[in-house]
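Here our numbering is used: the sequence shown runs in plain steps of one and ends on residue 950.
Ideal Cβ placement from N, Cα and C applies to all residues, glycine included.
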Amino acid sequence: MHGRGNCHRGQGLRRKHEHFVEVPLNLRVTWNPARIVGVRAMDDQHAIMMETMNELRLALVQGVRRAPANELLDKLLEFTRLHFWNEEQLLERHGFPGLEAHRAEHRRLLEQITESAHRVQHSESLPIGDLLTFLHDWFINHVEEVDRQYGPWMNEREVY
Ligand SMILES: [Fe+2]
Ligand SMILES: [Fe+2]
């Protein structure tokens with residue numbers, strides 16, 4: 791037996807690594823007080839998005855193949871769309887004054903993400919590391935700079 795329990799499985803993954811790319815480990819998205827919005831349902835959805843991005847990152851580190859990578863990307867896109875919609879519904883329901891600017895920012899992001907994801911999904915080399923860096927950056931920036939604006943406003947109206 792080898793030193794590590796998962797060694798055997800690791801070799802199996804490496805055998806199929808024709809699209810293996812190096813992905814910086816520091817791309818892992820983690821919880822941090824600056825990323826807590828303060829409305830439970832939205833924080834839960836942000837957590838799912840972070841998990842999906844980390845899942846994708848882990849798949850890449852292990853040597854991903856095209857099909858599972860594309861599937862994870864589709865899942866992330868679909869969930870992002872759903873999350874944006876839910877967030878806008880919440881802001882609308884409570885009359886948040888920054889709704890239109892927030893909606894416009896979601897629309898702009900979704901266009902960018904969808905376009906980048908499709909470019910990666912249809913390219914020969916699967917340059918997914920760059921896409922992950924981009925996803926990581928927009929997610930952190932949007933949650934910390936834009937989403938957090940509605941948190942205290944909602945909390946003042948007893949929405950948690
Ligand atoms: Fe948002
Ligand atoms: Fe959000």
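Selection from the options that minimises the alpha carbon distance to residue i
| i | options | result |
| --- | --- | --- |
| residue 820 | 941, 927, 849, 942 | 927 |
| residue 895 | 908, 874, 885 | 874 |
| residue 818 | 923, 881, 859 | 923 |
| residue 824 | 856, 938, 857, 849 | 938 |
| residue 912 | 846, 856, 829 | 856 |
| residue 869 | 915, 838, 919 | 838 |
| residue 779 | 853, 858, 859, 881 | The chain is shown only over 791 to 950; residue 779 falls outside these bounds and no answer can be derived. |
| residue 872 | 834, 850, 859 | 834 |
| residue 941 | 854, 852, 877 | 877 |
Span of the alpha helix (DSSP H), counted from its first residue to its last, around residue i
| i | result |
| --- | --- |
| residue 941 | 940 to 946 |
Legend entry - Ordered list of alpha helix (DSSP H) runs contained in the stretch 892 to 935, each at least 4 residues: 918 to 931
Legend entry - Contiguous alpha helix (DSSP H) assignments of at least 4 residues, all confined to the stretch 812 to 875: 830 to 851
Inset, instruction - Just jot down, in chain order, the residues whose CB lies closer than 6 Å to any heavy atom of ligand 1. - result: 877, 892, 896, 932, 936, 937
Inset, instruction - Spell out a yes or no on whether the stretch 899 to 917 and the stretch 859 to 868 are touching, meaning 3 or more CB-CB pairs, one atom from each, closer than 8 Å. - result: yes
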